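Enquirer:
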Amino acid sequence: MKLFISLLAFSARRSTASTSTFETGVSCIPCADTTGDCEIKVKVNFFASETGYFEIHGCEGVSPTLHLTVGRTYYFDQSHINNWYHLIGISYEHDGSMEPGSIPGDDECADTLTCPAPMYFQNGEYVGVYSNNANISPIKGDEDFGLDAVEDFFKYPLGNWEDLGPFKVALNFDVAYDQDIFYYCHMHKGMTGRIKLLDADGIMLNEEDTPEIPYEYDVVDTEFDKTCGTFNTTAWQLPNDQCVKNFVCDSEQSSSIFKTCVDAMDCHMMASMTTNAGEGGIQALFCRQMIPHHQNAVNMAKSLLKHGKLEWSCERDDRGEKPVGCRLLPILYDIINGQNRQIQKMQKVLKQLEVEEFSDCKVSYDAPSEDGRFRRITEKLETPNRHLTSVNKKGIACTPCADTTGDCEIKVKVNLFASETGYYEIGGCEGVSPTLHLTVGRTYYFDQSDINNWYHLLGISYEHDGSMEPGSIPGDDECADTLTCPAPMYFQNGEYVGV
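Okay, so the sequence shown: first residue is 15 according to our numbering, each after it adds one.
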């Protein structure tokens, strides 16, 4: 992108209770009373498990077993906001795939790239080339069934994802296949649901549940977690001999269910983060520490989503302020979806390192006093000063391209270690956040191709953290009327994307 206690820490393993507060695998026949194309409305129930499970409108429970008729077209509608970060896929195996050139067994369709495959839609338009449904697009064999065009959009910021949608997936499974198929999430493992194929008379082509789904649904299985909107916090309610008396100290919140839930979440995290360095090196230690930290963030976000009474409205009030929900809800969804995905990636790292996810240890929660006796630690350290002298020099004057003429390219990156959020570094300049000396009338290209610029889009402004637009300039200037005042010009992949 360019710009013109004694604390015994035992592992927080998942509960093995078998009674679930959410039913799974309940058989369901979408559009059973109609003929023709069938629309299946999909959403994700975040509170059903750690990552959430798919819900299908008109079906009971989560992860229902769908009965779909061979040769009938089904549209999986993912317009509901809970589908963000949960692009649905269709596969021959759990968490697998289904593509035009692959089908288990010997079938000619594999050679012609015309085997059944999902067809992905964005904003009402099919975005692939392959088709086995002439009502959508002319029949054609091809490897492109639209997945590559839409998959990355599900990782975009929530607002952008909404603007780019709605998203749908069409499936016309037109082969008499003698096994079950599956629906699953492209971005979170463990969310597979079964699909039973029916013939035109409604008879199942496969009476057995094969292939198998090799894991149990890890559903929320206690009323406490269900009430909180959390996962695996029931065993960590206070008082608990693993944790301090309380984490939330405000007496006004003593009867709040959210306070009770937060106390359990924090107990879970603190005990879970007390680990041996163990085998696997610092990479394993990092993952063992960060997984429960992320799990706490996800649980807290879910609980606020359940109890916070936040609304999506973003209409500004009389003071020009957006409602709290408008600001908080995208953050909550981002935490739930993004950090759950990161948890699964870190669990994969630990598996790759061939070490266990948990490595518990005992630590003393007492500290020795000067007289040699032990005292209970109750003091709270002062909040560190955020404005102490920095080891990174800031504001040093710098003239980019001082020895050249014509257009000047300024290479930008972010030094993530210079502050809590990081500060900009400019190629050829000293320190961080240098003071740039730029010549009026000369064109400068701020090159943000370095990977550290991700999430740090550079802007130009007349005031700190402000803006600069074609129709605004301090003072009285005619350029404001003609929208020709100086403004940054943004490029993507070498092309200017403005007007």
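For glycine and all other residues, C-beta sits at the position ideal for the given N, C-alpha and C.
Note that the structure is a prediction, hence the values are computed from the model and not measured.
Looking at Val276: is its Cβ nearer than 9 Å to the Cβ of Phe36?
Expert: Along the sequence shown, read from residue 1 onward, the residue named residue 276 stands at position 262. Along the sequence shown, read from residue 1 onward, the residue named residue 36 stands at position 22. No. Outside cutoff.
Enquirer: According to DSSP, is His94 part of a helix, a strand, or is it coil?
Expert: Position 80 of the sequence shown, counted from the first residue, corresponds to residue 94. Of the three classes helix, strand and coil, the one that applies to His94 here is coil, per DSSP.
Enquirer: Mapping DSSP to helix, strand and coil, what is Met314?
Expert: Here residue 314 refers to the residue found at position 300 when the sequence shown is read from its first residue. If DSSP states are grouped into helix, strand and coil, Met314 belongs with the helices.
Enquirer: Could you tell me the alpha carbon to alpha carbon distance between Leu80 and Met205, rounded to whole angstroms?
Expert: Counted from its first residue, the sequence shown places residue 80 at position 66. Counted from its first residue, the sequence shown places residue 205 at position 191. Straight-line Cα distance between these residues: approximately 14 Å.
Enquirer: Kindly indicate which residue of Gln136, Gly142 and Leu172 has the alpha-carbon position closest to the one of Gly160.
Expert: Taking the sequence shown and counting its residues from 1, the one referred to as residue 160 is at position 146. Nearest option by C-alpha distance: Gly142.
Enquirer: Compare the beta carbon distance of Leu324 and Leu343 with 9 Å and say whether it is the shorter of the two.
Expert: As a first step, residue 324 must be located in the sequence shown, where it is residue number 310. As a first step, residue 343 must be located in the sequence shown, where it is residue number 329. Closer than 9 Å, so yes.
Enquirer: Using C-beta distances below 8 Å, list every residue in its chain close to Val511, excluding the 5 sequence neighbours before and after it, in chain order.
Expert: Translated into the one-based positions of the sequence shown, residue 511 becomes position 497. Within the same chain, Val511 has close Cβ partners Tyr504 and Phe505.
Enquirer: Leu82: which of Ile424, Asp213, His100 and Asp417 sits nearest, CA to CA?
Expert: Working through the sequence shown from its first residue, we reach residue 82 at position 68. For the residues Ile424, Asp213, His100 and Asp417, the minimum Cα distance to Leu82 belongs to Asp213.
Enquirer: Taking the straight line between their C-alpha atoms, what separation do you get for Lys425 and Gly473?
Expert: As a working mapping, residue 425 is identified with position 411 in the sequence shown. As a working mapping, residue 473 is identified with position 459 in the sequence shown. Between Lys425 and Gly473, the C-alpha separation is close to 14 Å.
Enquirer: Tell me the DSSP bridge mates of Lys182?
Expert: Reading the sequence shown from its first residue, position 168 is the one you call residue 182. Partner(s): Asp91 and Phe135.
Enquirer: 9 Å is my cut-off, CB to CB: does Pro225 come that close to chain D?
Expert: Looking at the structure shown, chain D is missing, and only one protein chain is on hand.
Enquirer: Would DSSP call Gln309 helix, strand or coil?
Expert: Counted from its first residue, the sequence shown places residue 309 at position 295. Gln309: helix per DSSP, three-state reduction.
Enquirer: Do Thr87 and Ile43 have their CB atoms nearer than 9 Å?
Expert: The count along the sequence shown starts at 1 and reaches residue 87 at position 73. The count along the sequence shown starts at 1 and reaches residue 43 at position 29. Their beta carbons are not under 9 Å apart, which means Thr87 does not touch Ile43 by this criterion.
Enquirer: Going residue by residue through the segment 247-274, where are the continuous alpha helix (DSSP H) segments of at least 4 residues, counting only ones entirely within it?
Expert: Whole alpha helix (DSSP H) segments, 4+ residues: zero.
Enquirer: When DSSP labels each residue in this structure, what does Arg341 get in the three-state scheme?
Expert: Residue numbering aside, residue 341 sits at position 327 when the sequence shown is read from its first letter. It is helical.
Enquirer: Nearest by alpha-carbon distance to Trp250: which of Met279, Asn260, Asp264 and Cys263 is it?
Expert: Position 236 of the sequence shown, counted from the first residue, corresponds to residue 250. Answer by Cα proximity: Met279.
Enquirer: Along the chain, where does the beta strand (DSSP E) that runs through Lys427 open and close?
Expert: Numbered from its first residue, the sequence shown carries residue 427 at position 413. Taken as a continuous stretch (DSSP letters only), the beta strand (DSSP E) holding Lys427 covers Cys422 to Asn429.
Enquirer: What would DSSP say about Tyr458, mapped onto helix, strand or coil?
Expert: Along the sequence shown, one-based indexing puts residue 458 at 444. Residue state, collapsed to three classes: strand.
Enquirer: Which one of Gly480, Val40 and Gly72 has the shortest CA to CA distance from Asp47?
Expert: One-based indexing of the sequence shown puts residue 47 at position 33. Measuring from the Cα of Asp47, the nearest candidate turns out to be Gly72.
Enquirer: With Leu82 as the anchor, note down where its beta strand (DSSP E) starts and where it stops.
Expert: Walking along the sequence shown from the start, residue 82 turns up at place 68. Taken as a continuous stretch (DSSP letters only), the beta strand (DSSP E) holding Leu82 covers Thr79 to Thr83.
Enquirer: Might you give, ordered along the chain, the residues of its own chain that have their beta carbon closer than 7 Å to the beta carbon of Tyr524, omitting 5 neighbours on each side?
Expert: Missing from the structure shown is residue 524; the chain here goes from 15 to 513 and no further.
Enquirer: Is the beta carbon of Tyr438 closer than 9 Å to that of His470?
Expert: Here the question's residue 470 lines up with position 456 in the sequence shown. Here the question's residue 438 lines up with position 424 in the sequence shown. Contact flag set, yes.
Enquirer: On the DSSP bridge assignment, give the partners of Gly207 in chain order.
Expert: Taking the sequence shown and counting its residues from 1, one reaches residue 207 at position 193. Per DSSP, Tyr197.
Enquirer: Do you know how far the Cα of Gln193 is from the Cα of Val40?
Expert: Here residue 40 refers to the residue found at position 26 when the sequence shown is read from its first residue. Here residue 193 refers to the residue found at position 179 when the sequence shown is read from its first residue. Each residue's Cα considered, the two are about 18 Å apart.
Enquirer: Please state whether the Cβ-Cβ distance between Gln309 and Lys203 is less than 9 Å.
Expert: Taking the sequence shown and counting its residues from 1, the one referred to as residue 309 is at position 295. Taking the sequence shown and counting its residues from 1, the one referred to as residue 203 is at position 189. No, these two residues do not count as a Cβ contact at 9 Å.
Enquirer: Would Phe168 be called buried (16 or more neighbouring beta carbons within 10 Å of its own) or exposed?
Expert: Against the sequence shown, residue 168 aligns to sequence position 154. Label assigned to Phe168: buried.
Enquirer: Among residues of its own chain, excluding the 5 on either side of Asp223, which ones have a beta-carbon nearer than 7 Å to its beta-carbon?
Expert: As a first step, residue 223 is located in the sequence shown; it is residue number 209 there, counting from the start. Closer than 7 Å at Cβ, skipping near neighbours: Asp194 and Arg208.
Enquirer: From Thr498 to Glu335, what does the alpha carbon distance come to, in whole angstroms?
Expert: If you number the sequence shown from 1, residue 498 lands on position 484. If you number the sequence shown from 1, residue 335 lands on position 321. Thr498 and Glu335: Cα-Cα distance of roughly 29 Å.
Enquirer: DSSP three-state label for Asp158, please.
Expert: Numbered from its first residue, the sequence shown carries residue 158 at position 144. Three-state DSSP puts Asp158 in coil, outside helix and strand.
Enquirer: Leaving out the 5 sequence neighbours to the left and right, which residues in its chain are closer than 8 Å to Ile227 when beta-carbon positions are compared?
Expert: Residue numbering aside, residue 227 sits at position 213 when the sequence shown is read from its first letter. Counting only Cβ-Cβ distances below 8 Å, and skipping sequence neighbours, we find His108, Phe196, Thr206 and Arg208.
Enquirer: What would DSSP say about Cys517, mapped onto helix, strand or coil?
Expert: The requested residue 517 is not part of the displayed model; the chain covers only 15 to 513.
Enquirer: Look at Phe181 and Gln303 and say whether their C-beta atoms are less than 9 Å apart.
Expert: In the sequence shown, the residue the question calls residue 181 occupies position 167. In the sequence shown, the residue the question calls residue 303 occupies position 289. For Phe181 and Gln303, no; Cβs fall outside 9 Å.
Enquirer: Pop quiz: Ile104 and Val189 are said to be a contact at Cβ under 8 Å. What is the actual Cβ separation, rounded to whole angstroms?
Expert: If you number the sequence shown from 1, residue 104 lands on position 90. If you number the sequence shown from 1, residue 189 lands on position 175. Not a contact, Cβ separation roughly 13 Å.
Enquirer: Considering only the alpha carbon of each residue, which of Tyr191, Met218 and Gly292 lies closest to Cys123?
Expert: What you label residue 123 is simply residue 109 of the sequence shown in a count that begins at 1. Of Tyr191, Met218 and Gly292, the residue nearest in Cα terms is Tyr191.
Enquirer: Can you give the Cα-Cα distance for Asp232 and Cys129, rounded to whole angstroms?
Expert: Translated into positions along the sequence shown, residue 232 becomes position 218. Translated into positions along the sequence shown, residue 129 becomes position 115. Taking the straight line joining both Cα atoms gives about 33 Å.
Enquirer: Name, in chain order, the residues that DSSP records as bridge partners for Leu212.
Expert: The count along the sequence shown starts at 1 and reaches residue 212 at position 198. Paired residues: Thr83 and Met218.
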